[in-house]
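Here the protein sequences come in this chain order: A and B. Using the numbering used here, you'd call the opening residue of the first sequence number 1 and step up by one each time. Using the numbering used here, you'd call the opening residue of the second sequence number 373 and step up by one each time. Taking it in order: structure first as structure tokens, then the write-up.
There are 2 protein chains.
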Amino acid sequence: MSNRVQDGVRLTDGQRLDWLRLIRSENIGPRTFRSLLNHHGSARTALDALPGWARRGGASRPGRICSLEEAEQELASARKLGVSFIALGEPDYPARLRMIDDAPPLLAVRGNNATLARSMIALVGSRNASAAGMKFAERIARDFGDAGFVVVSGLARGIDAAAHRATATSGTVAVLAGGHDRVYPPENVPLLEQILPNGAAVSEMPLGWTPRAQDFPRRNRLISGLAVGVVIIEAAQRSGSLITARMANEQGREVFAVPGSPFDPRCEGTNGLIKQGATLVTEAEDVLAVLRPILGQQLPLAIEEPDSVAPLPEPDGSERERIVALLGPTPVGIDDLVRLSQSSPAIVRTVLLELDIAGRLERHGGGFVSLV
Amino acid sequence: MSNRVQDGVRLTDGQRLDWLRLIRSENIGPRTFRSLLNHHGSARTALDALPGWARRGGASRPGRICSLEEAEQELASARKLGVSFIALGEPDYPARLRMIDDAPPLLAVRGNNATLARSMIALVGSRNASAAGMKFAERIARDFGDAGFVVVSGLARGIDAAAHRATATSGTVAVLAGGHDRVYPPENVPLLEQILPNGAAVSEMPLGWTPRAQDFPRRNRLISGLAVGVVIIEAAQRSGSLITARMANEQGREVFAVPGSPFDPRCEGTNGLIKQGATLVTEAEDVLAVLRPILGQQLPLAIEEPDSVAPLPEPDGSERERIVALLGPTPVGIDDLVRLSQSSPAIVRTVLLELDIAGRLERHGGGFVSLV
């Protein structure tokens with residue numbers, strides 16, 4: 001029986017455990033997970049093959065593999081917290097999130113799972129928001145709720161909290177940067193409890209995981225990925241909300257921004273987004289008018305990565321050597337690697353996967369990679 | 373000798389008097405002036421022909437024709453005030469204003485005429501501006517001055533005054549809605565005196581003319597017409613600044629707007645303009661980056677109206693009757709008039725000109741006309 005990512009098929013309990021072990025193993029991210037699953041046909045086989053991949057990738061030490069006991073322990077703790085795991089391809093998995101190319105293989109969900117089946121609008125902004133910004137967030141969030149949308153945000157102080165609070169009844173989703181038992185900021189735990197009956201909290205991180213700084217940008221791709229469009233209210237230059245906006249753009253989501261005075265540093269980011277083409281928003285209808293026609297469209301087909309269609313070819317020793325020799329600390333394009341190594345794209349991808357699993361590869365944006 | 377509108381030719385003193393008499397005569401606006409001049413070849417001949425036009429147009433009483441004495445009187449008063457008249461087509465006439473299809477035949481100018489030869493940016497906004505809006509106006513006006521541009525505005529309270537004040541040294545042009553001896557608002561007379569040494573005040577209205585409410589929108593087309601681009605800072609819904617923006621659009625000028633909070637009624641107009649496609653501005657460079665390439669382009673050729681190429685044909689009585697019968701108080705398109713009357717476009721234009729001069733025609737936007 002195959003574990004290949006397929007729509008509409010539920011995992012068995014055993015398969016779910018294997019998936020959890022694989023995604024919780026060292027050096028395995030959502031993209032690597034998907035490549036391995038598609039190559040090996042099941043997480044079980046992939047787990048057995050991990051030491052081989054790491055060895056071929058030249059790992060100085062083998063990456064830690066999540067044990068069956070650890071995975072069972074996480075499942076048990078999750079059950080106690082009321083958290084369930086939804087696997088990529090299962091019917092409950094949020095339809096739009098499914099389409100991003102680094103969608104989490106397993107989404108840990110707490111609250112009312114049905115919320116995830118509805119269309120969502122993301123609403124994010126400053127943690128140290130102005131009173132006007134908070135008021136605007138509440139008003140527009142309520143209007144989105146009245147229009148039948150679920151509001152998704154990051155449970156941060158300021159704009160995020162205002163957006164969740166205003167939609168506690170109509171339905172809202174909080175995406176966490178850490179585990180479900182490590183809610184950040186702690187002051188928003190009561191708010192989270194308040195939104196769960198009609199909403200949900202989701203996370204891709206393990207239980208017990210305290211969020212580090214780098215986990216927030218990573219989390220932001222899920223906020224935009226769940227939504228049809230992203231509305232940014234008050235964002236300074238170089239703020240996390242702008243990362244969400246960038247990810248939304250990369251994921252093909254509509255980006256909306258609320259304008260403000262040129263003298264207000266909290267509006268530099270949003271004004272800048274509008275300059276770059278985001279839609280200016282002063283009321284909910286500005287957003288709804290753009291999103292309504294999109295909802296009517298069928299979802300695009302899942303982006304199948306080239307390596308997902310068939311098992312990867314095995315490079316011979318000299319090919320591997322040639323490709324690794326072309327890599328260094330300076331990021332290089334995968335296209336250039338293919339051209340310069342004179343290997344097939346599939347071979348290059350295989351070698352990069354080996355290096356990935358060996359913990360030796362860093363992937364940058366735009367198809368660039370470097371050695372760690 | 374012909375008075376036809378030609379570039380680069382100066383009028384004789386006698387011709388200038390005739391032009392002044394014609395444009396100061398009843399029912400003669402800039403468009404009618406141009407049609408008459410192009411039909412008759414000179415303002416002198418047009419003046420003699422006015423009673424005939426009015427009669428053919430069915431005037432209940434002939435329109436008042438400005439006498440030679442009145443015109444000489446205005447020229448003398450103007451000279452005393454330091455006001456000179458620049459005629460459309462003369463070398464000093466502002467190059468961009470020349471291109472709008474209702475450019476004033478005579479522009480009354482006070483101050484430093486050379487200012488009008490430089491590239492201009494219009495800066496307009498609320499009369500009851502916020503402190504932040506005034507501060508922004510001063511800052512961006514100064515930056516435009518530093519970049520070599522003349523700032524043109526309407527001498528109103530608030531944003532206009534701030535823009536003029538900040539560019540009193542670098543060069544600024546105030547466009548008046550009344551005569552040069554009827555400056556509005558009176559409190560800005562000292563500011564006007566302050567900008568004249570390095571700038572100018574311009575008006576198309578007669579000396580002694582106290583501006584009425586309807587003269588301000590009319591004036592606004594000159595503010596946008598003089599400029600390469602128009603920047604709007606703080607504008608409420610249905611404000612005069614939005615009229616300037618609309619005229620700028622119709623004239624093919626670039627429109628820029630400064631954003632603000634959705635809660636600030638003074639920013640509803642500017643946020644609305646950005647939604648409709650105006651460029652969002654938070655600093656001078658946002659404007660300069662758009663305008664620099666435009667300055668490099670050659671000015672478009674003057675829009676020659678179809679009736680300006682040759683004398684108009686004379687309609688016979690039945691044609692005139694048929695066309696007038698098609699008109700009523702409901703605006704109708706000139707195209708439809710041509711089609712329904714089965715007359716030539718030139719004949720229809722002639723009849724409309726007759727009605728115009730008879731004071732019986734109202735011209736609406738988009739080529740629509742109705743009987744008064």
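Glycine residues also receive a C-beta, built at the ideal position from the N, C-alpha and C atoms. Since this is a predicted model, take the numbers as computed values, not measurements.
Going by other Cβ atoms of all chains shown within 10 Å of its Cβ, with 16 needed for buried, is residue i buried or exposed?
i       : result
L673(B) : Reliability fails at L673(B), whose pLDDT of 48 lies under 50, so the model's placement of it is uncertain and no value is given.
E72(A)  : exposed
E234(A) : buried
L440(B) : exposed
T654(B) : buried
A572(B) : buried
D532(B) : buried
D316(A) : exposed
R721(B) : buried
N375(A) : Since the first residue of chain A shown is 1 and the last is 372, residue 375(A) is not available in this structure.
H180(A) : buried
I646(B) : buried
H164(A) : buried
L453(B) : exposed
H364(A) : exposed
I695(B) : buried
N485(B) : exposed
T330(A) : exposed
V255(A) : buried
Residues of chain A with CB closer than 8 Å to the CB of residue i, please, in chain order.
i       : result
G632(B) : P259, G260, S261
A504(B) : S261, F263
Under 9 Å between beta-carbons, which chain A residues line up against residue i? List them in chain order, please.
i       : result
I646(B) : P259, I274, L280
D658(B) : K275
Taking 9 Å as the threshold (beta carbon to beta carbon), is residue i in contact with chain B?
i       : result
T87(A)  : According to the sequence displayed, residue 87(A) carries Ala and not Thr. Not closer than 9 Å to any Cβ of chain B, the Cβ of A87(A) fails to qualify, so no.
F136(A) : yes
E268(A) : yes
E304(A) : Note that E304(A) has pLDDT 44, beneath the 50 cutoff, so the model's placement of it is unreliable and no number is given.
Are the C-beta atoms of residue i and some chain A residue less than 9 Å apart?
i       : result
D518(B) : no
D636(B) : yes
D679(B) : Confidence at D679(B) is low in this model, with a pLDDT of 41, below 50, so its placement is unreliable and the value that follows should be read with caution. No, D679(B) does not count as interfacial toward chain A.
Note down, in chain order, every chain B residue with its Cβ under 8 Å from the Cβ of residue i.
i       : result
N271(A) : P631, L652, T654
Tell me, please, which residues DSSP counts as bridged to residue i.
i       : result
F628(B) : V603(B), T651(B)
R110(A) : V83(A), A201(A)
M120(A) : V150(A)
L727(B) : According to DSSP, L727(B) bridges with nothing at all.
L361(A) : L371(A)
V545(B) : V524(B), A572(B)
G580(B) : Its beta-bridge partners do not exist; DSSP assigns none.
V332(A) : V369(A)
G497(B) : I605(B)
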